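Input: a single structure, listed below in structure tokens.
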Amino acid sequence: MGNGQGKRVVVIGAGIVGASLAYHLAAKGANVTLVEAEGIASGVTGSSFAWINTLPPESDPIAQLRGAAVEAYRRLETQLPGLKIRWTGALSYGVISSGALPASGIQSSTNVVSRSQILDLEPNLKNPPQSALYAAEEGALDAVAATHALIAGAEALGAKVLTQTRVLGFVTQSVKVLGVDTTMGIIDADIVVLAAGTGITKLTDMLEVSLPIEASPAIFIRYKSQPNLVHTLISSPEMEVRQSPDGTLLAAEDYLDDAMENRPAAIALRTAKSIQNELHGVVSIDPEWACVGLRPMPADGIPIIGYLPKVGGVYVCAMHPGVTLAAIVGRLASEEIIDAKASSALYPCRPDRFFQAGWPEG
Ligand SMILES: Cc1cc2nc3c(=O)[nH]c(=O)nc-3n(C[C@H](O)[C@H](O)[C@H](O)COP(=O)(O)OP(=O)(O)OC[C@H]3O[C@@H](n4cnc5c(N)ncnc54)[C@H](O)[C@@H]3O)c2cc1C
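With the numbering used here applied, the sequence shown covers 2 to 363.
Below, the structure written as structure tokens:
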């Protein structure tokens with residue numbers, strides 16, 4: 002137990018980010034209330050491919066955060082028996098050059114592997130490339146189950162969880178937030194954490210602090226298929242897939258537009274054909290579910306994490322890739338909120354950057 006006893010923290014949003022914050026804050030002894038407008042993981046977390054993807058694009062300002070993501074999940078696994086992560090490793094090719102290997106100084110098990118090594122890892126690949134990046138330490142999780150596990154952990158530490166409870170506004174005095182106004186009444190708070198995904202902008206607008214977060218669509222597909230087709234996680238221009246032991250194949254695809262031929266069901270059929278073109282032995286691949294998920298995407302692509310400027314008592318957590326970062330951000334943000342211990346890994350993520358001269362819309 003930490004030194005947060007008595008600090009009343011309201012976390013808005015029970016996706017994987019809010020769930021991790023609630024757990025880490027409760028573990029530090031804070032008096033946590035998690036408020037969710039609908040059900041647990043009913044936002045984009047419910048349609049996430051959920052790859053713990055540590056490989057940064059070139060010159061990634063959050064490379065340090067990504068680099069700490071795996072260790073943060075490994076630590077959570079020891080604390081939460083319900084948290085199940087499949088550490089299968091991930092193979093990437095075609096989309097990422099070997100120049101995207103993590104910068105020196107960042108611990109990583111990512112290597113360039115040869116064609117024969119690729120076939121050892123994925124014997125069903127019909128068209129293996131000459132080389133690929135293999136991140137042996139990476140994995141993926143069921144984002145809905147993980148969110149439930151984090152919330153169960155938070156509740157065991159005394160957190161209160163209110164679902165079907167929407168935050169409608171804030172209770173403020175001068176320029177300090179003193180609580181939230183919800184469909185179930187007012188909840189007093191010393192600190193309010195905004196982890197409401199694409200709902201964050203509506204909330205910050207109420208505080209007259211505008212944050213540039215877009216709702217960025219992507220397509221999530223689940224197929225029923227036979228087991229043992231895919232062993233790692235494969236990310237290539239043709240497909241981004243992984244498989245559960247029961248044979249469920251999961252895929253993520255880019256959103257194109259709203260035309261009939263690009264709706265999720267049509268993309269699911271096209272992607273099934275690509276998977277059959279890429280893998281030997283696909284006997285059946287039946288789409289079970291396909292949908293568009295809206296990712297909270299800051300305008301400059303960098304997470305927005307930290308205290309909101311211009312108003313006291315509000316801490317924001319808006320990010321993509323939110324599943325990858327949920328564990329490490331939950332830990333570091335709870336240290337900032339409860340222990341006032343600023344994290345250098347979070348410096349590139351501060352909300353203030355949008356309010357400084359130089360930001361296009363600032
Ligand atoms: C197809 C697809 C593939 C993806 N793949 C990956 C991946 O491989 N790796 C990765 O790291 N990320 C991936 N992502 C992104 C990842 O899913 C998100 O970054 C992450 O789930 C965001 O979680 P969140 O908790 O911030 O948001 P959400 O899950 O949207 O949670 C926000 C919650 O806040 C609630 N809320 C909103 N407004 C209010 C209000 N006023 N009052 C109360 N509650 C409110 C909502 O109901 C919602 O439940 C993918 C996304 C998609 C769509």
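Don't be surprised by glycine CBs; every beta carbon is placed ideally from N, CA and C. Since the model is a prediction, treat every value here as computed from it, not as a measurement.
Once you ignore the five residues that flank residue i on each side, which residues in its own chain have a CB closer than 6 Å to its CB?
i	result
residue 51	141, 142, 144 and 324
residue 280	125 and 230
residue 371	Because the chain is modelled from 2 through 363, residue 371 falls outside the range shown and cannot be assessed.
residue 116	129 and 131
residue 327	17, 18 and 21
residue 298	215, 217 and 321
residue 367	Look at the range of the chain in this structure, 2 to 363, and you will see that residue 367 is not part of it.
residue 34	11, 161 and 188
residue 105	Residue confidence for residue 105 is low, a pLDDT of 48 falling below 50, so the modelled location carries little weight; the figure read from the coordinates is stated next. Closer than 6 Å at Cβ, skipping near neighbours: no residue.
Please go through the same chain and pick out, in chain order, the residues whose beta-carbon is closer than 7 Å to the beta-carbon of residue i, but skip the five residues on each side of it.
i	result
residue 183	36, 166, 167, 168 and 169
residue 343	337
residue 156	162
residue 277	283 and 286
Let me check understanding here. Comparing Cα to Cα, which of the options lies closest to residue i?
i	options	result
residue 127	289, 309, 353 and 283	283
residue 29	264, 357 and 334	334
residue 356	305, 338 and 331	305
residue 160	119, 271, 10 and 180	10
residue 339	236, 27 and 17	27
residue 300	285, 319 and 8	319
residue 46	118, 152 and 198	198
residue 330	23, 13 and 6	23
residue 172	8, 255 and 192	192
residue 215	94, 203 and 33	203
residue 49	290, 200, 309 and 317	290
residue 148	31, 81, 298 and 268	81
residue 285	316, 225 and 315	225
residue 370	64, 83, 121 and 78	Residue 370 cannot be examined here, being either before or after the span of the chain that is shown, 2 to 363.
residue 64	233, 302, 43 and 153	302
residue 270	288, 345 and 259	288
With a Cβ-Cβ cutoff of 9 Å, do residue i and residue j count as a contact?
i	j	result
residue 90	residue 39	no
residue 1	residue 251	The structure shown has nothing for residue 1, since the chain only spans 2 to 363.
residue 162	residue 15	yes
residue 201	residue 317	yes
residue 233	residue 254	no
residue 154	residue 95	no
In chain order, what residues of the same chain lie with their CB nearer than 8 Å to the CB of residue i, ignoring the 5 residues before and after it?
i	result
residue 53	70, 71, 74, 86, 139, 140, 141, 142, 324 and 325
residue 275	239 and 240
residue 294	45, 47, 48, 49, 218, 219, 220 and 221
residue 310	210, 352, 353 and 356
residue 185	163 and 166
residue 261	267
The stretch 347-355 in contact with the stretch 241-249 per 3-pair CB rule at 8 Å: no
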